[in-house]
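Undergrad: One line per chain: the protein sequences are A and B, in this order.
To convert, take the position in the first sequence, counting from 1, and add 391; that gives our numbering.
To convert, take the position in the second sequence, counting from 1, and add 391; that gives our numbering.
Beta carbons are placed, not taken as given, at the ideal position from N, Cα and C, and that holds for glycine.
Protein chains: 2
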Amino acid sequence: MGRERVLVATWGNPFQWRPIRYRVECDRLGLENCRDVEMKNMSTLPVLIEALKPDRAIILALDTLANIRIRRGDSTYEPDLEAKELSDYAEVRKDVEERVRWFIEERVKPLVKSEEVERELDRVEILVGPGLGEFDNASVSGDMLDFYGFTLFELSQRLPGGDAEVFLDLTHGINFMPVLAYRALKNLLGLSAYINEVSFHVLNSEPYPQGSPEWAREAVKKSVLHMRLVESSPVRPKPLYSLIPEKPEWSAFISSVTNGFPLAFVTFYPKIDEVRNEIKGRYSEFLDSIEVKMSEDEMGVRKVYIRRNSNLSEDFRTEIKLFYLLRVLNQKFRGYPKREATLDEMFEITRLLFRKMPRIGAVTCRQLEEMKAFERGETVYGEHGPYHRKGLIDRLSRGKYWGALGEIAREVSSKKGAPYSRAQDLVRMKASSGGGINKNVCLRNFIAHSGFEFNITHVRYDKTEGKVYWFYGDRELLMKLCIGALETRLDRLEELEKC
Amino acid sequence: MGRERVLVATWGNPFQWRPIRYRVECDRLGLENCRDVEMKNMSTLPVLIEALKPDRAIILALDTLANIRIRRGDSTYEPDLEAKELSDYAEVRKDVEERVRWFIEERVKPLVKSEEVERELDRVEILVGPGLGEFDNASVSGDMLDFYGFTLFELSQRLPGGDAEVFLDLTHGINFMPVLAYRALKNLLGLSAYINEVSFHVLNSEPYPQGSPEWAREAVKKSVLHMRLVESSPVRPKPLYSLIPEKPEWSAFISSVTNGFPLAFVTFYPKIDEVRNEIKGRYSEFLDSIEVKMSEDEMGVRKVYIRRNSNLSEDFRTEIKLFYLLRVLNQKFRGYPKREATLDEMFEITRLLFRKMPRIGAVTCRQLEEMKAFERGETVYGEHGPYHRKGLIDRLSRGKYWGALGEIAREVSSKKGAPYSRAQDLVRMKASSGGGINKNVCLRNFIAHSGFEFNITHVRYDKTEGKVYWFYGDRELLMKLCIGALETRLDRLEELEKC
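#1: What does G524/B pair with, by DSSP beta-bridge criteria?
#2: Alpha carbon to alpha carbon, how far is L477/B from V519/B?
#3: So which residues of chain A does Q601/B contact, with C-beta pairs closer than 7 Å?
#4: Buried or exposed: which applies to H849/B, given that a residue is buried once 16 or more other Cβ atoms fall within 10 Å of its Cβ?
#5: What runs of the alpha helix (DSSP H), each 4 residues or longer, lie entirely inside the segment 555 to 625 of chain B?
#6: Answer with yes or no whether the minimum CB distance from G651/B to chain A is below 9 Å.
#7: Does any residue of chain B bring its CB to less than 9 Å from the CB of M690/A?
#8: Measure how close the beta-carbons of T709/A and I635/A come, nearest whole angstrom, since I'm counting them as under 8 Å.
#9: Please report the Cβ distance between V973/B and L559/B, rounded to the nearest whole angstrom; I am assuming they are in contact, meaning their Cβ atoms lie under 8 Å.
#10: Taking one C-beta from the segment 691 to 703 of chain A and one from the segment 527 to 537 of chain A each time, how about it: are there three or more such pairs within less than 8 Å?
#11: Ends of the alpha helix (DSSP H) at R757/B?
#12: If you follow the alpha helix (DSSP H) that L432/A is in, where does it begin and where does it stop?
#13: Applying the 10 Å Cβ sphere with the 16-neighbour rule, what's the burial state of Q601/B?
#14: Going by C-alpha to C-alpha distance, which of V615/B, P604/B, R627/B and H617/B sits closest to S590/B?
#15: If you draw a straight line from the C-alpha of I899/A to the C-alpha of G581/A, how long is it?
#16: How long is the line joining the alpha carbons of K806/A and Y778/B, rounded to whole angstroms?
#17: Can you check whether the CB of T401/B is closer than 9 Å to the CB of R750/A?
#18: Hey, would you say D454/A sits closer than 9 Å to V483/A, going by beta carbons?
#19: Given that Y727/B touches chain A, what residues does it touch there, using C-beta distances under 9 Å?
#20: Given 8 Å as the limit, is there contact between the segment 758 to 766 of chain B and the segment 681 to 690 of chain B, that is, 3 or more CB pairs closer than that?
#21: Among Y468/B, L398/B and A481/B, which residue has its Cα nearest to the Cα of E497/B?
#22: Can you round the beta-carbon distance between M870/A and P501/A to whole angstroms, since I take them to be within the 8 Å contact cut?
#23: Am I right that V487/B and A452/B are in contact with their C-beta atoms under 8 Å? What's the rounded C-beta distance?
#24: Of all the CB atoms in chain B, is at least one closer than 9 Å to the CB of M748/A?
#25: Which residues in the same chain as T562/B place their Cβ atom closer than 6 Å to its Cβ, once the five residues preceding and following it in sequence are excluded?
#26: In its own chain, which residues sit with a C-beta less than 6 Å from the C-beta of V503/A, not counting the 5 before and 5 after it?
#27: Residues in the same chain with beta-carbon distance under 8 Å from L369/A, minus the five sequence neighbours each way, listed in chain order, please.
#28: Just verifying my parser: in three-state terms, what is the DSSP assignment at T855/B?
#29: Whole alpha helix (DSSP H) runs in the segment 655 to 707 of chain A with 4 or more residues, listed along the chain?
#30: Of all Cβ atoms in chain A, is any one closer than 9 Å to the Cβ of W606/B?
#31: Looking at chain B, is there any beta carbon in it that lies within less than 9 Å of the beta carbon of V534/A?
#32: Is the Cβ of N702/A closer than 9 Å to any Cβ of chain D?
#33: Along chain A, in chain order, which residues have C-beta atoms closer than 7 Å to that of F765/B?
#34: Going straight from the alpha carbon of D882/A to that of G875/A, what length do you get?
#35: Closer than 9 Å, CB to CB, is K370/A near chain B or not?
#36: Find the nearest neighbour of A555/B within the set Y585/B, E545/B, P569/B and R574/B, judged by alpha-carbon distance.
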């Protein structure tokens with residue numbers, strides 16, 4: 392099996408590149424499953440493909456390459472493809488892909504000796520994204536951050552859902568491309584890292600030699616540019632902190648993962664198809680809003696004008712991250728959302744989801760353990776010595792089959808019976824309040840108790856199965872609490888609430 | 392007051408730049424305290440200085456510019472400074488600074504109309520860092536990541552310790568510079584954001600127009616390149632997850648911040664001077680290891696050879712982050728480290744340090760509240776109705792003035808008295824274990840209880856002050872637990888320990 396290996400490369404304008412010797416030295420880079428390679432080429436791509444044998448290679452290119460051709464001699468152009476009359480954005484993307492494909496075919500492949508690498512080059516995916524700027528072939532206007540949204544969108548569908556090793560080659564990126572591609576990968580892989588083993592390696596070749604024209608001509612012949620690591624590390628889980636205002640249930644789910652609320656996780660787990668449809672819809676709208684027309688510019692040069700009339704919003708970007716998170720989680724979690732869950736099920740979720748986050752995992756496990764003791768009963772050291780405090784099962788199996796923790800505890804406490812005082816610990820109870828159970832639902836307690844707030848956490852005893860199921864009473868309120876946990880600061884919480 | 396504003400710009404080779412109109416439109420960028428500016432210049436620097444009026448502006452440049460001069464005409468060069476016989480790295484840095492300063496003086500300033508901006512340009516700091524590559528003026532070899540260490544080191548001393556607004560201009564950065572400067576700022580500002588309001592804006596101008604020479608000549612005259620945002624957001628706290636193997640106490644402190652262990656925070660708070668001396672020492676060693684010599688290359692061109700024989704290690708980078716974290720924390724925290732602390736003091740630390748992290752803050756506050764109840768006593772609902780469970784103070788004020796929580800609880804529980812059964816809750820106690828107190832210190836409990844593990848947490852009652860002080864018994868063990876909390880995964884914890 393092993394990890395799936397993906398190579399992503401940002402490409403500016405390949406028609407400006409010149410051949411030089413590139414070299415990968417695996418030991419020096421500390422890379423395993425890697426082959427030392429030295430190859431003269433216009434691009435680092437075949438070198439990295441031969442050295443790393445990625446399962447998948449992706450080029451991120453820009454729409455500003457539409458119709459590009461650069462004069463080389465009196466009547467020769469590169470690429471050797473005519474400019475087209477482009478009339479919509481699909482044509483623009485297709486045109487750029489063709490030009491980049493031409494470059495690979497005519498400029499990269501001829502310098503490659505291995506047939507295997509040639510075959511792999513045919514399989515490289517070329518993704519054409521939103522650029523920006525004035526060129527003699529194209530004029531592109533829109534939000535610079537659209538490239539970030541584009542990269543997130545395309546990679547969220549292509550990055551592995553399981554263990555992964557991802558390489559980002561920044562050598563040929565220009566302008567805003569490297570930082571935005573880096574940021575997109577950093578964010579997506581940080582989600583995968585919740586449950587997968589993921590490593591991220593950022594590569595850059597040594598700089599192209601520069602100097603006087605005579606010197607440079609010689610230097611390029613003699614130089615070998617080594618591939619270097621700009622970053623290389625196992626990826627840690629990177630929680631999402633953004634909300635999706637239009638989709639409170641999705642926001643509540645995000646909070647359940649970020650904060651460790653296992654029962655909210657079970658309750659709000661989104662259906663991936665709904666998220667996929669939402670982002671695909673939004674992305675189509677974005678593409679549809681892009682105006683494309685051919686026209687002469689002020690200098691009388693006919694070119695393609697590409698104008699983005701909308702942009703890929705922050706909410707869209709959060710939805711994409713959620714989509715990728717679900718692609719990842721769906722590898723391990725089945726059958727969600729559900730209305731209720733047993734403690735054992737929630738233990739399993741916690742252990743899996745927070746295996747790399749001991750602080751949040753240990754706190755949540757401890758909470759579940761307290762609930763387990765409450766469910767089954769436990770030995771307690773009271774004023775008059777140890778006694779067995781009965782559990783929820785003892786009680787629920789004799790008549791009442793379900794209820795909110797708060798109600799059960801109230802009922803019991805009014806009888807001065809002891810077994811359920813633990814119910815108060817479970818959630819919150821100021822000793823100083825004189826023993827009355829505070830009916831106000833308090834966000835701080837909700838957070839501190841991993842989502843098991845006294846008033847809204849319910850239990851049901853299934854007599855046939857002999858099992859206790861936990862569920863929430865008030866879904867709307869739960870949603871608000873989850874969202875509050877993500878957007879409210881601790882100091883504000885304490886100002887607002889007296890718990 | 393307001394936030395301190397810092398502008399950082401990555402500069403590749405300025406002698407390749409040409410004048411063009413740059414424009415800042417504040418509304419479009421969503422920036423406040425900003426002035427719309429349009430200015431023809433070789434660089435975005437004066438434009439941004441005029442628009443943003445930063446309190447501090449910093450250029451990150453590369454040592455590969457040493458001795459650079461580019462032929463412009465038959466006998467004119469840019470900069471108009473002779474190449475020098477450079478013999479050590481201090482001279483290299485000084486030379487590059489002079490050349491960049493020449494560029495600002497002779498190429499940037501003449502296009503500036505405002506005297507205020509001119510004055511600000513004189514104040515710009517030029518930091519010369521480790522580059523890489525073969526050029527006709529210089530040949531530089533070493534680790535590409537040294538630029539990252541350099542940026543962290545220099546910025547850790549210059550970024551504000553309080554509220555801040557930081558702008559990173561990537562327009563003129565080349566190769567590995569933008570991503571590494573971005574990464575350095577992202578990490579440092581994420582530490583400041585624990586207790587400060589920090590915003591981070593990454594800027595990039597629209598791309599320089601490109602096309603056939605005739606077209607480009609005209610286009611450059613007509614174009615206005617707008618400054619755009621590549622990222623713009625309030626910065627969230629970004630915990631440190633790396634350790635410093637040679638300095639276990641510093642690692643333990645890092646863990647106390649990352650995981651929310653207030654008493655370990657008090658105990659291990661490092662002295663900033665020690666950290667400063669350590670990183671300054673390491674940095675000097677690094678600089679001293681850089682060999683500089685003048686020699687002819689294969690093409691017979693005399694140039695400076697710069698060879699880094701050591702690199703800025705990962706531990707060094709962690710120490711720099713720790714140093715900056717302390718610079719920030721020292722704005723609010725005084726008098727640490729200390730051997731012991733009251734609960735009130737720990738409440739304050741928790742509220743301040745985790746004000747933007749409600750999950751960790753609420754859990755830690757709840758823990759402290761339980762300890763408060765344990766300290767003072769509380770009303771409890773036992774089998775035979777409510778009663779006042781005595782607190783630590785009741786007990787400690789009558790004879791025994793200090794002890795480990797574990798001992799106190801054991802002593803009491805052997806007498807079948809109830810007041811201290813809460814001590815067990817404080818830390819960990821499996822009801823199923825039959826009431827015996829497990830003497831094994833368990834990392835998972837240490838984590839789940841915000842560092843207040845039963846066996847190692849001690850209390851002392853100060854009769855004169857009438858206050859309870861909390862402290863740790865076994866400093867070595869505490870250190871191991873803190874470090875374990877940062878490096879051990881939850882699944883491994885559960886495998887290793889049966890708590």
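TA: So, from the listed chains and residues:
#1: V531/B
#2: 15 Å
#3: F526
#4: With a 10 Å radius around the Cβ and a threshold of 16 neighbouring Cβ atoms, H849/B comes out buried.
#5: 568 to 583 and 604 to 613
#6: Taking Cβ atoms only, chain A reaches closer than 9 Å to G651/B, which makes this a yes.
#7: yes
#8: 5 Å
#9: Absent from the structure is residue 973/B, since the part of chain B shown begins at 392 and ends at 890.
#10: yes
#11: Its alpha helix (DSSP H) spans residues P749 to R767.
#12: Note on residue identity: the sequence assigns Asn, not Leu, to residue 432/A. Careful: N432/A lies outside any alpha helix (DSSP H), inside the beta strand (DSSP E) at V428 to N432.
#13: buried
#14: R627/B
#15: Outside the shown range of chain A, which is 392 to 890, sits residue 899/A, and nothing can be said about it.
#16: Residue confidence is low: K806/A scores 42 on pLDDT, short of 50, so the model does not pin down where it sits. No coordinate-derived value is stated.
#17: No. Outside cutoff.
#18: Against a cut-off of 9 Å, the Cβ pair of V483/A and D454/A comes out as a contact.
#19: Residues of chain A passing the Cβ test: none, with the nearest at roughly 21 Å.
#20: no
#21: Y468/B
#22: Actually they do not touch by this definition, with Cβ atoms about 59 Å apart.
#23: 6 Å
#24: yes
#25: Its chain contains T435, N595 and S596 as the residues whose beta carbon lies nearer than 6 Å to that of T562/B, once the 5 sequence neighbours on both sides are disregarded; these appear in chain order.
#26: P437 and E509
#27: Past the edges of chain A, shown from 392 to 890, lies residue 369/A, and the structure says nothing about it.
#28: coil
#29: Fully enclosed alpha helix (DSSP H) runs of no fewer than 4 residues occupy 663 to 679 of the segment 655 to 707 of chain A, in order along the chain.
#30: yes
#31: Here the sequence assigns Asp to residue 534/A, which means Val is not the residue at that position. Output row for D534/A: interface = yes.
#32: In the displayed structure, chain D is absent; the protein chains listed are A and B.
#33: Those do not exist, as F765/B stays about 10 Å from chain A at its closest Cβ, beyond 7 Å.
#34: So the alpha carbons of these two residues sit roughly 13 Å apart.
#35: What the structure shows of chain A is the stretch from 392 to 890, and residue 370/A is not part of that stretch, so it cannot be assessed.
#36: Y585/B
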